[in-house]
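This report concerns only the one structure given below.
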Amino acid sequence: MSVEAVFHYTLPDTPYAMWVRDELHAYLRLPEDGTRVEVVGGEIIVSPGPTFDHNAIVADIQEGLILAKAGDSAFPWRAVQTTDLNLVEIGDGYIPDLIVMDADIVAEARAAKSKHLFSHQLDLVVEVTSPTNAAFDRESVFGRDRPKKTKWTGYAQCVIPYYLLIDRDPKNPGVTLYANPDRRAGRYEAVEEWKLGGTVALPEPFGFSFDTSAWEPWA
35 MSVEAVFHYT LPDTPYAMWV RDELHAYLRL PEDGTRVEVV GGEIIVSPGP TFDHNAIVAD
95 IQEGLILAKA GDSAFPWRAV QTTDLNLVEI GDGYIPDLIV MDADIVAEAR AAKSKHLFSH
155 QLDLVVEVTS PTNAAFDRES VFGRDRPKKT KWTGYAQCVI PYYLLIDRDP KNPGVTLYAN
215 PDRRAGRYEA VEEWKLGGTV ALPEPFGFSF DTSAWEPWA
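In terms of this note's numbering, the sequence shown opens at residue 35 and continues consecutively.
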């Protein structure tokens, strides 16, 4: 699959309800090859599995967090990749590239064997763009072939405190940290920006850094 697709089906239930029950993938007869199925703005979004360079970027961020933890026994943050996020507040279901949570919340979710996580459990969510998903990770832009609601919008509506966007678009690559979500407007404020190639030092409350020297825009 080379492009991201928005499908319009007559479903036996709402896309969100089927996503929560983990029925969409089978109902759409999608291959078991890492293809992701999400519900964004009430629409079914099918994306190809991430590439190696995409996953390597996520691993670099997680490594920075692990190194910070190794140097500080009281470091409170933990990171988890590609976990289902049930945004029950808006009836959407996402699969973020990376989420950062308090260690105590991680322990509680593990003990409960949680199938999904919820917005109130997250402090930071991370997305890495690719040619097939960039429009759905960024701020919504109205116009032809542009989604009216995106994951950027949804995360803000659910008041996830911070959103880190790694945009690999060759036209304007970079890293942006968003904060101060506005629930009603579904908007964030950009509070820090970095170019690719250097070190990104996330400010408090996170206080960890990661190297972007090996990161490149998509081809």
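Every residue, glycine too, gets a C-beta built ideally from N, C-alpha and C.
Keep in mind the model is a prediction, meaning the values are calculated, not measured.
Glutamine 115: member of the beta strand (DSSP E) spanning 111-115, first to last residue.
By the Cβ criterion, the segment 148-161 is not in contact with the segment 67-86, since fewer than three pairs of Cβ atoms, one from each stretch, lie closer than 8 Å. Alanine 190 sits buried, since 16 or more C-beta atoms from the chains shown fall within 10 Å of its C-beta. If you draw a straight line from the Cα of glutamate 238 to the Cα of leucine 45, it is about 44 Å long. Per DSSP, arginine 218 lies in no alpha helix (DSSP H) segment and is marked neither H nor E. Secondary structure note for isoleucine 78: it is in no alpha helix (DSSP H), and the uninterrupted beta strand (DSSP E) holding it is 77-81. Secondary structure of serine 107 (DSSP, three-state): coil.
In this structure arginine 112 touches valine 140 by the C-beta definition: roughly 5 Å separates them, less than 8 Å. One Cα belongs to arginine 172, the other to valine 162, and the distance between them is close to 10 Å. Residue burial annotation: glycine 232 is exposed, with fewer than 16 other C-beta atoms found within 10 angstroms of its C-beta.
Among the bridge pairs identified by DSSP, glutamate 227 is matched with Thr210. Around the beta carbon of threonine 48, a 10 Å sphere encloses fewer than 16 other beta carbons of the protein chains shown; the residue is thus reported as exposed. Between the alpha carbons of glutamate 250 and proline 215 lies a gap of roughly 29 Å.
A distance of 8 Å or more separates the beta carbons of glycine 76 and leucine 121. Nearest in C-alpha terms to valine 80, of all of Ile194, Tyr196, Trp53, Ala224, is Trp53. A Cβ-Cβ separation of about 6 Å places tryptophan 228 in contact with glycine 208 under the 8 Å criterion.
When the alpha-carbon of aspartate 126 is set against those of Ser107, Pro82, Leu58, the nearest one is in Leu58.
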